[in-house]
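Just so you know, the sequences run in chain order H and Y.
Sequential numbering from 8 applies to the first sequence in the numbering used here.
Sequential numbering from 8 applies to the second sequence in the numbering used here.
Using N, Cα and C, we set each Cβ at its ideal position, and we do this for glycine too.
Protein chains: 2
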Amino acid sequence: MSDTYELIYWPGLPGRGEFVRLAFEESGTAYADLGLTHPRAEPVLEQTDSKNLGDATSPPPLAPPILRHTDANGSSLLISQTSNILLYIGARLGLAPSPGEPGSFIINGLVLTALDGLCNETHDTHHPVATGKYYDDQKEVAKLRAQDYRENRLPKFLGYFERVLKGDASGDGPWLYGGNLTVADLVLFQARGPICAWFHFAYRLTYIQCIDGNKHAFPKAMARLEKSGEYKSVFALWRAVQTRPRIKSYLESDRRQSYGDGIYRHYPELDG
Amino acid sequence: MSDTYELIYWPGLPGRGEFVRLAFEESGTAYADLGLTHPRAEPVLEQTDSKNLGDATSPPPLAPPILRHTDANGSSLLISQTSNILLYIGARLGLAPSPGEPGSFIINGLVLTALDGLCNETHDTHHPVATGKYYDDQKEVAKLRAQDYRENRLPKFLGYFERVLKGDASGDGPWLYGGNLTVADLVLFQARGPICAWFHFAYRLTYIQCIDGNKHAFPKAMARLEKSGEYKSVFALWRAVQTRPRIKSYLESDRRQSYGDGIYRHYPELDG
């Protein structure tokens with residue numbers, strides 16, 4: 008028996024599960040994507056059921072993505088929270104230093120910052136009042152929040168990662184830290200597509216995700232930011248990830264899902 | 008020369024720095040709180056300056072809290088993001104298993120979930136449109152968002168932690184995981200005060216912080232939730248932290264700052 012990895016996530020959208028999928032895909036690691044095999048989301052609903060108290064090893068998770076890792080001895084660990092899953096699998100998949108090494112904290116910090124600004128805040132542009140309510144019921148506030156996001160928050164975060172890429176700690180080449188591709192680069196890559204694509208396709212989300220995700224969600228704003236020339240390294244990183252052989256082949260495969268009504272949504276009225 | 012820990016955070020408010028302070032205080036570890044010694048925030052501004060590119064080891068941080076740890080050999084590591092700092096110091100201070108151990112991921116997941124629901128979302132109740140704008144300019148939207156927070160999000164997160172505390176993985180006693188006090192318990196404790204206190208003192212914030220913070224921010228809503236009896240274990244955890252000898256003495260000291268205009272604000276109109 009060898010290690011098995013099961014990703015428990017909603018079916019039908021890339022969402023926060025995509026950050027985890029990219030790590031498995033880039034490293035060529037086998038994993039089961041339960042969203043693809045369970046279109047009615049039974050594995051998610053079982054975990055998030057209000058009667059679930061977890062087991063002796065793992066408390067219940069609040070929300071997906073959730074990873075179940077079963078090792079060669081058959082013992083399982085269930086962990087949740089996107090950055091936490093990436094911390095867990097990063098070193099195992101050769102995409103981060105071992106937990107406890109200085110670099111592991113640096114990469115975890117970069118992952119958290121990319122998720123804050125280019126995933127969580129992107130989500131909140133279309134749900135600024137209540138996650139549980141429809142977009143149409145908060146559309147007017149969403150316009151205000153999206154304007155602030157386009158004009159202030161998105162440039163702030165892109166400018167931040169541009170600085171990280173220019174700093175000495177990033178090392179040589181296109182990557183964020185130490186000259187090697189890590190999970191942090193995959194997160195920054197994924198955050199781009201939906202933001203850009205947001206701007207491209209009216210009410211349809213198609214692109215790649217944090218940078219990729221944002222290209223999907225805010226195509227006009229992202230095109231303007233790219234054209235400004237102020238974030239050259241960030242956009243170069245995106246292209247460097249996109250052309251990795253395994254990533255390229257994944258993006259062209261059926262395993263890559265289209266954006267739909269997830270975190271990264273393209274509402275033209277929010278793209279300014 | 009021995010290890011030194013410097014907390015770089017805004018002066019004049021507990022904020023996200025408080026989660027870090029509580030770990031140092033509970034473990035009786037010496038640390039320099041640069042917010043107290045630099046009332047004009049020079050250490051924060053130096054780190055977040057748009058010209059700062061970091062150094063060979065650490066990229067620039069986006070925002071505080073930031074921890075600088077200098078070891079006995081004089082080499083320094085600078086890390087940011089609240090949960091990341093707690094992951095870094097948790098095992099060093101005896102408040103978490105070593106990074107890489109299964110329990111370290113469980114605790115990191117609990118910390119992230121408490122910060123999501125009881126710190127970040129609490130903050131967004133008073134700044135639902137734009138972090139960079141005044142509260143008064145987004146007050147009407149804040150009322151809607153706070154209502155959703157009180158009625159849906161806050162009970163959801165308290166209910167979640169109640170389940171965690173009832174589950175087998177929490178072990179015996181009042182703590183979230185494995186029968187021992189960890190950084191996750193300190194985060195959950197801190198998140199309570201401001202939310203409750205929000206409800207207590209008109210436009211003044213005074214209480215403790217995630218649970219403590221929420222007691223400050225939403226005193227009426229929190230009192231109602233406590234009275235419901237549905238979250239007994241969560242409130243018992245809060246009392247168990249509050250009466251730890253070192254925490255008690257810290258809360259009564261000058262080092263504990265009052266809430267002011269930070270994450271946890273008490274606006275009576277947001278308390279329903």
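Which chain H residues sit within Cβ distance under 8 Å of residue 177 of chain Y? As a working mapping, residue 177 of chain Y is identified with position 170 in the second sequence. 66, listed in chain order.
Going by DSSP, which residues form a beta bridge with residue 13 of chain Y? Taking the first residue of the second sequence as 1, we reach residue 13 of chain Y at position 6. For residue 13 of chain Y, which the question treats as bridged, DSSP gives the partners Y:39, Y:75.
CA-CA distance, residue 251 of chain Y and residue 103 of chain Y? For this step, residue 251 of chain Y is matched to residue 244 along the second sequence. For this step, residue 103 of chain Y is matched to residue 96 along the second sequence. Cα-Cα distance, rounded: 17 Å.
Three-state secondary structure (DSSP) at residue 69 of chain H? Along the first sequence, one-based indexing puts residue 69 of chain H at 62. Three-state result, residue 69 of chain H: coil.
Assuming residue 14 of chain H and residue 39 of chain H make a contact with CB atoms under 8 Å, what is their CB distance in whole Å? Sequence index remark: in the first sequence, residue 14 of chain H carries index 7 (1-based). Sequence index remark: in the first sequence, residue 39 of chain H carries index 32 (1-based). Rounded, the Cβ-Cβ distance is 7 Å, consistent with contact.
Whole angstroms are fine: how far does the CA of residue 47 of chain Y sit from the CA of residue 170 of chain Y? As a working note, residue 170 of chain Y is residue 163 in the second sequence. As a working note, residue 47 of chain Y is residue 40 in the second sequence. Spanning the two alpha carbons is a distance of roughly 43 Å.
DSSP three-state label for residue 244 of chain Y, please. Counted from its first residue, the second sequence places residue 244 of chain Y at position 237. Three-state DSSP puts residue 244 of chain Y in a helix.
Can you tell me which of Y:263, Y:101, Y:161 puts its alpha carbon nearest to the alpha carbon of residue 130 of chain Y? For this step, residue 130 of chain Y is matched to residue 123 along the second sequence. Comparing Cα positions, the closest option is Y:161.
Looking only at its chain, what residues have a beta carbon closer than 6 Å to the beta carbon of residue 180 of chain H, apart from the 5 residues adjacent to it on each side? Sequence index remark: in the first sequence, residue 180 of chain H carries index 173 (1-based). Contacts found: 186.
Can you tell me whether residue 184 of chain H is helix, strand or coil according to DSSP? For the purposes of this step, residue 184 of chain H is taken as residue 177 along the first sequence, with counting starting at 1. Strand, per DSSP.
Limits of the unbroken alpha helix (DSSP H) element including residue 293 of chain Y: A question about residue 293 of chain Y goes unanswered here, because the residues of chain Y that appear run from 8 up to 279.
Interface positions of the stretch 75-90 of chain Y facing chain H (Cβ-Cβ less than 8 Å), listed along the chain: 84, 86, 87, 88, 90
Does the pairing of the stretch 28-39 of chain H with the stretch 90-107 of chain H give three or more beta-carbon distances under 8 Å? yes
Going by C-alpha to C-alpha distance, which of H:227, H:175, H:192, H:83 sits closest to residue 254 of chain H? Position 247 of the first sequence, counted from the first residue, corresponds to residue 254 of chain H. The shortest C-alpha separation from residue 254 of chain H is found at H:192.
Take residue 23 of chain H as the anchor and find which of H:173, H:246, H:220, H:234 has the nearest alpha-carbon. Numbered from 1 along the first sequence, position 16 holds the residue referred to as residue 23 of chain H. Residue 23 of chain H has its Cα closest to that of H:220, out of H:173, H:246, H:220, H:234.
Does the contact criterion of 3 or more C-beta pairs under 8 Å hold for the stretch 127-147 of chain H versus the stretch 103-113 of chain H? no
Residue burial classification, residue 80 of chain H (beta-carbon count within 10 angstroms, cutoff 16): Indexing the first sequence from 1 puts residue 80 of chain H at position 73. Exposed.
Got a sec: is the Cβ-Cβ distance from residue 165 of chain Y to anything in chain H below 7 Å? Reading the second sequence from its first residue, position 158 is the one you call residue 165 of chain Y. Not closer than 7 Å to any Cβ of chain H, the Cβ of residue 165 of chain Y fails to qualify, so no.
Are the CB atoms of residue 148 of chain Y and residue 136 of chain Y within a distance shorter than 7 Å? Residue numbering aside, residue 136 of chain Y sits at position 129 when the second sequence is read from its first letter. Residue numbering aside, residue 148 of chain Y sits at position 141 when the second sequence is read from its first letter. Residue 136 of chain Y places its beta carbon less than 7 Å from that of residue 148 of chain Y.
Could you give the C-beta distance for residue 274 of chain H and residue 133 of chain H, rounded to a whole number, given that I count them as a contact under 8 Å? As a working note, residue 274 of chain H is residue 267 in the first sequence. As a working note, residue 133 of chain H is residue 126 in the first sequence. Indeed they touch by this definition, with Cβ atoms about 6 Å apart.
If I measure Cβ to Cβ from residue 257 of chain H and keep anything under 7 Å in the same chain, skipping five residues before and after, which residues do I get? Numbered from its first residue, the first sequence carries residue 257 of chain H at position 250. If we look at residue 257 of chain H and ignore the five residues flanking it on each side, its Cβ neighbours are 32, 263.
Nearest-angstrom beta carbon gap, residue 43 of chain H and residue 197 of chain H [assumed within contact, 8 Å]: Position 190 of the first sequence, counted from the first residue, corresponds to residue 197 of chain H. Position 36 of the first sequence, counted from the first residue, corresponds to residue 43 of chain H. With 8 Å as the limit, residue 197 of chain H and residue 43 of chain H do not qualify as a contact, their Cβ atoms being about 18 Å apart.
Would you verify that the beta carbon of residue 95 of chain H is, or is not, closer than 7 Å to some beta carbon of chain Y? Counting from 1 along the first sequence, the entry for residue 95 of chain H is found at position 88. Yes - at least one Cβ of chain Y is within 7 Å of the one on residue 95 of chain H.
Counting only the same chain and skipping the five closest in sequence on each side, list residues whose C-beta sits under 6 Å from that of residue 233 of chain Y. If you number the second sequence from 1, residue 233 of chain Y lands on position 226. Here the set comprises 242.
Output, in chain order, the set of chain Y residues within a Cβ distance shorter than 7 Å of residue 136 of chain H. Here residue 136 of chain H is taken as the residue at index 129 of the first sequence, counted from 1. Going along chain Y in sequence order, the residues near residue 136 of chain H (Cβ under 7 Å) are 135, 148, 151, 152, 155.
Measuring CB to CB, does residue 121 of chain Y end up less than 7 Å from residue 195 of chain Y? Within the second sequence, the letter at position 114 stands for residue 121 of chain Y. Within the second sequence, the letter at position 188 stands for residue 195 of chain Y. Yes, they are a contact pair.
Do residue 72 of chain Y and residue 27 of chain Y have their CB atoms nearer than 7 Å? To locate residue 72 of chain Y, count along the second sequence from 1; it is residue 65. To locate residue 27 of chain Y, count along the second sequence from 1; it is residue 20. The answer is yes: Cβ separation under 7 Å.
Between residue 255 of chain Y and chain H, is any beta-carbon pair separated by less than 7 Å? By 1-based counting over the second sequence, the position of residue 255 of chain Y is 248. False, the Cβ-Cβ gap to chain H never drops below 7 Å.
Taking only beta-carbon atoms, is residue 203 of chain H less than 7 Å away from chain Y? Walking along the first sequence from the start, residue 203 of chain H turns up at place 196. For residue 203 of chain H, the predicted structure reports a pLDDT of 45, less than 50, and the residue's modelled location is therefore unreliable. The matter cannot be settled from this model.
Check whether the Cβ atoms of residue 94 of chain H and residue 127 of chain H lie closer than 7 Å to each other. Against the first sequence, residue 94 of chain H aligns to sequence position 87. Against the first sequence, residue 127 of chain H aligns to sequence position 120. No, they are not a contact pair.
Give the secondary structure of residue 102 of chain H by DSSP, where H, G and I count as helix, E and B as strand, and everything else as coil. Position 95 of the first sequence, counting from 1, holds the residue named residue 102 of chain H. Coil at residue 102 of chain H, not helix or strand.
I'd like to know whether the C-beta of residue 170 of chain H is nearer than 7 Å to at least one C-beta of chain Y. Sequence index remark: in the first sequence, residue 170 of chain H carries index 163 (1-based). With 7 Å as the cut-off, residue 170 of chain H counts as an interface residue toward chain Y.
Which chain Y residues are close to residue 173 of chain H, counting only those with a beta carbon under 7 Å from its beta carbon? If you number the first sequence from 1, residue 173 of chain H lands on position 166. Those within 7 Å of residue 173 of chain H in chain Y are 60.
Would residue 222 of chain H be called buried (16 or more neighbouring beta carbons within 10 Å of its own) or exposed? The residue labelled residue 222 of chain H in the question sits at position 215 within the first sequence. Flag for residue 222 of chain H reads buried.
Are residue 76 of chain Y and residue 12 of chain Y touching if we call contact CB-CB under 7 Å? By 1-based counting over the second sequence, the position of residue 76 of chain Y is 69. By 1-based counting over the second sequence, the position of residue 12 of chain Y is 5. Cβ atoms of residue 76 of chain Y and residue 12 of chain Y: closer than 7 Å.
Check the DSSP bridge columns for residue 83 of chain H and list the partner residues they point to. Numbered from its first residue, the first sequence carries residue 83 of chain H at position 76. According to DSSP, residue 83 of chain H bridges with H:77.
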